[in-house]
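Here the sequence shown stands for residues 16 to 342, where the numbers follow the working numbering.
We put the CB at the ideal spot given by N, CA and C, even for glycine.
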Amino acid sequence: MKKMISGIKPTGKLHLGNYIGAIQQFIKFQDEYSMMIFIANLHAITIKIDKKELKESTKQLIGLYLASGLDPEKVTLFLQSDVPAHTQLGWIMTCNSHIGELNRMTQYKDKVAKKEENITGGLFTYPSLMAADILLYDADYVPVGIDQKQHVELTRDLAERFNNQYGETFVVPQPISPKVGAKIMSLSEPTKKMSKSYKDSKGTIDLLDEPNAAYKKVMSAVTDSVGIVRFDIENQPGIANLLTILSTLKGESIENIVKRYDGKGYAEFKKEVAEVVKQFLITLQAKYFSIMESGKVETVLEQGKTIANQIAYKKIAKVYKKIGFTI
Ligand code: AMP
Ligand code: TRP
Numbered sequence: 016m017k018k019m020i021s022g023i024k025p026t027g028k029l030h031l032g033n034y035i036g037a038i039q040q041f042i043k044f045q046d047e048y049s050m051m052i053f054i055a056n057l058h059a060i061t062i063k064i065d066k067k068e069l070k071e072s073t074k075q076l077i078g079l080y081l082a083s084g085l086d087p088e089k090v091t092l093f094l095q096s097d098v099p100a101h102t103q104l105g106w107i108m109t110c111n112s113h114i115g116e117l118n119r120m121t122q123y124k125d126k127v128a129k130k131e132e133n134i135t136g137g138l139f140t141y142p143s144l145m146a147a148d149i150l151l152y153d154a155d156y157v158p159v160g161i162d163q164k165q166h167v168e169l170t171r172d173l174a175e176r177f178n179n180q181y182g183e184t185f186v187v188p189q190p191i192s193p194k195v196g197a198k199i200m201s202l203s204e205p206t207k208k209m210s211k212s213y214k215d216s217k218g219t220i221d222l223l224d225e226p227n228a229a230y231k232k233v234m235s236a237v238t239d240s241v242g243i244v245r246f247d248i249e250n251q252p253g254i255a256n257l258l259t260i261l262s263t264l265k266g267e268s269i270e271n272i273v274k275r276y277d278g279k280g281y282a283e284f285k286k287e288v289a290e291v292v293k294q295f296l297i298t299l300q301a302k303y304f305s306i307m308e309s310g311k312v313e314t315v316l317e318q319g320k321t322i323a324n325q326i327a328y329k330k331i332a333k334v335y336k337k338i339g340f341t342i
């Protein structure tokens, strides 16, 4: 069975973009691959984060993964900080990365361009830690949204560089993104990505939003004056985004939806999207609240910690030998 790994940072609230671009893929893949999913809490502290907020979003994240249908019998779910080998290999990968490479990473570059204050060293070297996260588990595939592809490309380069210097050690992984839904846009500004950090509550549907409020957000989503329901990202980004959301949540092809709305207006179309989003949230949240009360989160993490450590420990021991740390 081919191996797959991915992680999500426990910062901010999970939104529909995270669900469609990341979680929904994980659910799809859990039957086909040997999967590891972790909460990237070491990555969360690259920016300032309050202790209470970190704890809460970590728990919430696991609860939402489980509520979305991630099955702990099939997937190893764990906290990154529960496995010391991530930090150990992270340092080795930092030393294996060139400053020029890290300088080119867009997430960091964007923050520098915006002249944000107090950018941490961790934010600069975080792609090296991400490489370690992946390489520890010999992952063949890494499902991520488009924005993270660059980091997986770097991981490939670092794996090859290490293998060339020390001999075959790491599997060179491949990023995979969904064909539909890799970039869900803001409902209020459909040329901008729906995002945790983007302060745009009207444009973002949080997975724990009150379902009726979410319905209203979809109904007031920005569209255009063309008046035809069709998939044209360039000229009708709002409609294209709603089509993507409907298609992925309903499991119906965009082509089919477009056909169904031939000759009909936006109002009817929006109503369907709003209703599907609302029902999706109602179902998800009911599962979420029952999981949060059950104590399942703690049990699943304990189980994940043991399995992840077994694999990662073996790998880091091998790496230490290759490098010459073991005398
Ligand atoms: P982040 O919210 O940046 O921590 O991202 C967590 C995961 O969700 C990553 O795999 C992202 O690529 C994915 N993701 C984040 N925002 C979106 C979006 N608007 N559309 C699709 N995928 C997204
Ligand atoms: N950097 C990713 C994000 O911001 C999270 C992440 C950390 C990750 N390590 C990873 C994703 C390893 C995939 C594989 O979303």
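Check	Outcome
Limits of the beta strand (DSSP E) - the one that P142 falls within	Note, P142: premise wrong, no beta strand (DSSP E); alpha helix (DSSP H) at G136 to L150.
L76 - DSSP class collapsed to helix/strand/coil	helix
7 Å Cβ shell around Q103 - same chain, five flanking residues per side excluded	I331
Three-state secondary structure assigned by DSSP to I54	strand
Beta-carbon proximity of D46 to H101, cut-off 8 Å	no
Beta-bridge pairing of S49 - partner residues as DSSP gives them	K18
Check: I35 C-beta below 7 Å from any heavy atom of the ligand AMP	yes
One or two residues paired with V90 in a DSSP bridge	M50
Contacts around T219, its chain only, beta-carbon distance under 6 Å, and the 5 residues preceding and following it disregarded	H30 and M209
Minimum C-alpha distance to T206 - residue among I248, Q180 and A228	I248
Cβ-based burial, T298 [other Cβ within 10 Å; buried from 16]	exposed
Beta bridge counterpart(s) of D221 as assigned by DSSP	H30
Short Cβ contact (8 Å threshold) for K232 with L257	no
The ligand AMP heavy atom lying under 7 Å from the CB of I23	yes
Close-in-space but distant-in-sequence residues of the same chain around V334 (CB under 7 Å, 5 per side omitted)	L104, I107 and T184
Sequence-distant residues of its chain with Cβ nearer than 7 Å to Q318 (five each side left out)	P87
Burial state of H113 (16 or more Cβ within 10 Å)	exposed
Closer than 7 Å: M51 CB and nearest the ligand AMP heavy atom	no
Pairwise C-alpha distance: V292 and N227	10 Å
Cut-off 6 Å between Cβ atoms - residues of its own chain near Y80, not counting five sequence neighbours on either side	none
Selection from G136, K279 and F41 that minimises the alpha carbon distance to T91	F41
Outcome for K24 when other beta-carbon atoms lying within 10 angstroms are tallied against a minimum of 16	buried
Cβ shell of K126 (< 6 Å), same chain only, five flanking positions each side left out	I134
Contact check, Q95 vs N56, beta carbons under 8 Å	yes
Which listed residue (F177, A323, C110 and F246) has its alpha carbon closest to that of E270	F246
Helix, strand or coil at Y276 [DSSP, three-state]	coil
A343: CB within 7 Å of a non-hydrogen atom of the ligand TRP	With the chain represented from 16 up to 342, any question about residue 343 goes unanswered, as that position is not in the structure.
M145 Cβ short of 7 Å to the ligand TRP heavy atom set	yes
Validate contact between the stretch 307-322 and the stretch 131-146 using beta carbons, cut 8 Å, 3 pairs	no
Sequence-distant residues of the same chain with beta carbon closer than 7 Å to S262, five excluded per side	V195, S268, I269 and I272
For G278 and I77, the rounded distance between their alpha carbons	43 Å
CB of Y152 within 8 Å of CB of I326, strictly	yes
beta-carbon V159 near the ligand AMP non-hydrogen atom, thresh 7 Å	yes
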